[in-house]
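Here the sequence shown is numbered in the working numbering, starting from 6 and rising by one per residue. All residues carry an ideal CB built from backbone N, CA and C; glycine is no exception. Only one structure is covered here, and it is reproduced in the block below.
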Amino acid sequence: MTKIKNPSASIKSANRQSVKIKKAVFPVAGLGTRFLPATKATPKEMLPVVDKPLIEYAVEEAIAAGITELIFITSYSKRAIEDHFDSHFELETRLQQSNKTALLEKIRATYSENVSFIYIRQPEPKGLGDAILCAKPAVNNEPFAVLLADDLIESGARPCLTQMMSVYEKTGGSVVAVEKIAPEDSDKYGIVDIQTHLEDIGSYAEASALIEKPTPAQAPSSFGIVGRYILSQHIFAYLEHAEVGAGNEIQLTDAIARLIEEGVYAYRFQGKRYDCGSKLGYLKATVNYALKHPELADGFRAYIKQLNTINR
Ligand code: G1P
């Protein structure tokens, strides 16, 4: 992992001690309007990529990174998420009686004795920043992670959040995952100003500004934030006094920009991110995950080849 120095930003966190991150926040209260009508009665985070809902991929990533307290910011229409991570007595008994142990293992893997699941309601959809503020009573006074489940990140043996933990341990500052985006897409992302080039995958640099959804002309770089963050607890003070920003919502990016004083690092993660909040991104994820799925890969690859031949 290379650190790229940002000449214009002073290093404030060099001597700071990093504490172990144990808590992760999953904002899941959003309405999922980009995926209607599928998300009218089903939370978008419960849409499956092959055979697992998006939220479970994010939860697995967090647990692999050492998270033991999972805090979900939810709303009235998201009860399916709570049920998914709860035990299901009747189903488990039936699977046990019919000796379907592999399936039983799979559904039991959705909850674990070593981790706690905490659910907090966001009363009104006032934006991502407001959702994170709802987590304050559970997070308390320690740095924490945030995972947006509709950004599905495939990164092999070293999940994205685990990679970010290393940057956090080195810097003690807040860390946002970034990837290179097409300039015309800047108004879909939080954009970081790093005044350097993050040429290498796996490198990080100190941010000197963050802007939520700028126009291409206003964008300070082509590095967009993807849905993985490690944040200082001081963010809550900024969120408490936040004004509405882009899209008339309380934006997380605006509050992170205020953490720059204490050090915010943009990390160019290793892996591939799928924007599963969009139909095209979701389809791409489904195809790629199916092509790697142990039960489906061969049959699905043959089918894709056949389609290719027919459409040629
Ligand atoms: C949110 C954040 C944005 C970030 C994006 C990543 O936007 O506000 O800064 O780049 O997630 O997916 P949303 O996709 O909710 O509009």
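| task | Work out the CA separation of Thr47 and Gly37 for me, nearest whole Å. | result | 9 Å
| field | Where Asp205 falls, given that 16 or more other Cβ within 10 Å makes a residue buried | value | exposed
| task | For Ile16, collect the residues of the same chain with a Cβ closer than 6 Å to its Cβ; drop the 5 residues on either side in sequence, then sort them by chain order. | result | Reliability of the predicted coordinates at Ile16 is poor, the pLDDT of 45 falling under 50, and no value is obtained from them.
| Residues near Ala70 in its chain [Cβ-Cβ closer than 6 Å; skip 5 each side] | Excluding sequence neighbours, Ala70 sits near Leu166, Thr167, Met170.
| task | Identify which residue in Thr79, Thr98, Ala302 has its Cα closest to the Cα of Asp135. | result | Nearest option by C-alpha distance: Thr79.
| task | May I have the straight-line CA-CA distance separating Ala271 from Val24, to the nearest angstrom? | result | 19 Å
| message | Using DSSP's beta-bridge definition, name the partner residues of Ser179. | response | Ser179 pairs with Val269.
| field | Buried or exposed (CB count within 10 angstroms, at least 16 for buried), Lys105 | value | exposed
| Under the three-state DSSP convention, the category Arg278 falls into | strand
| request: Quick one: grab the DSSP three-state call for Lys218. | output: coil
| said: I want to check one thing, is the minimum distance from the CB of Thr258 to the heavy atoms of the ligand MN below 7 Å? | reply: Among the ligands in the structure shown, the ligand MN does not appear; only the ligand G1P can be found there.
| Quick one: is Arg263 near chain C, going by C-beta distance under 8 Å? | This model lacks chain C altogether, as it is built from one protein chain only.
| field | For Ser160, three-class secondary structure by DSSP | value | coil
| task | Tell me whether Lys53 is buried or exposed, calling it buried when 16 or more other Cβ atoms sit within 10 Å of its Cβ. | result | Rather than Lys, the amino acid found at residue 53 in this sequence is Pro. Exposed, by the Cβ-count rule.
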